[in-house]
Amino acid sequence: MNIIEKLEQAEIEKLTAEKSIPDFKPGDTVKVMVKVVEGERERLQPFEGLCIARKGGGINASFTLRKISFGEGVERVFPLYSPNLASIEVVRRGRVRRAKLYYLRGRTGKAARIREKQDFRTRGKKKATTAETAGEES
């Protein structure tokens, strides 16, 4: 690891100590709270959309979110380690086979849907816990 990589790694650790950045991939629906400064006031503005791309590595990593707002497609590119991002939350996991989902720009309505990823491990645990609780009640 050279000096620049060490400096970047130290900066990333310093930025992630303040807030946690979840592991998300293209296809996931992500909600980002963005700090917006209006005059002297600062407020948080939510932006929830489909992650269509992740780009870069290290301190310069970024991701693109796409949402449909009032019938118009809106895309925003966020730097992953930006101080203007108050929080990042994964709302839904999607199942896709591509790293870049730019083809969704040309699709609307049901054609632009992404299948939801089913986590079989947690589904099995939920069934087991409900069966255990039913046995405990009787």
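For the record, in the sequence shown the residue sitting at position 32 is 32 according to the working numbering, with numbers rising by one throughout. Glycine included, every Cβ here is placed at the ideal spot set by N, Cα and C. Predicted model only: the values in this text are computed from it and were never measured.
Kindly list the residues whose CB is nearer than 7 Å to the CB of Ile88, restricted to its own chain and excluding five residues on each side of it in sequence; keep chain order. Ile21, Pro22, Val30, Val32
Indicate whether Ile114 and Val96 have their beta-carbon atoms separated by less than 8 Å. yes
Residues near Ser62 in its chain [Cβ-Cβ closer than 7 Å; skip 5 each side]: Listed in chain order, the non-local C-beta contacts of Ser62 below 7 Å within the same chain comprise Lys55, Gly56, Val77, Phe78, Pro79, Leu80, local neighbours out to five positions each way being set aside.
Alpha carbons only, please: which of Gly58, Arg107, Leu44 is nearest the one belonging to Arg66? Arg107
Where does Asp119 land, buried or exposed, given buried means 16+ other C-beta within 10 angstroms? exposed
Integer Cβ distance of Ile59 from Glu11, believed to fall under 8 Å: 6 Å
Could you check what DSSP says for Arg115 in three-state terms: helix, strand or coil? strand
Cut-off 8 Å between Cβ atoms - residues of its own chain near Lys100, not counting five sequence neighbours on either side: Pro26, Ile52, Ala53
Is Asp28 closer than 8 Å to Gly94 when the C-beta atoms are compared? yes
Taking the alpha-carbon positions, what's the Glu5 to Leu15 distance? 15 Å
Using C-beta distances below 8 Å, list every residue in its chain close to Pro46, excluding the 5 sequence neighbours before and after it, in chain order. Lys31, Val32, Met33, Val34
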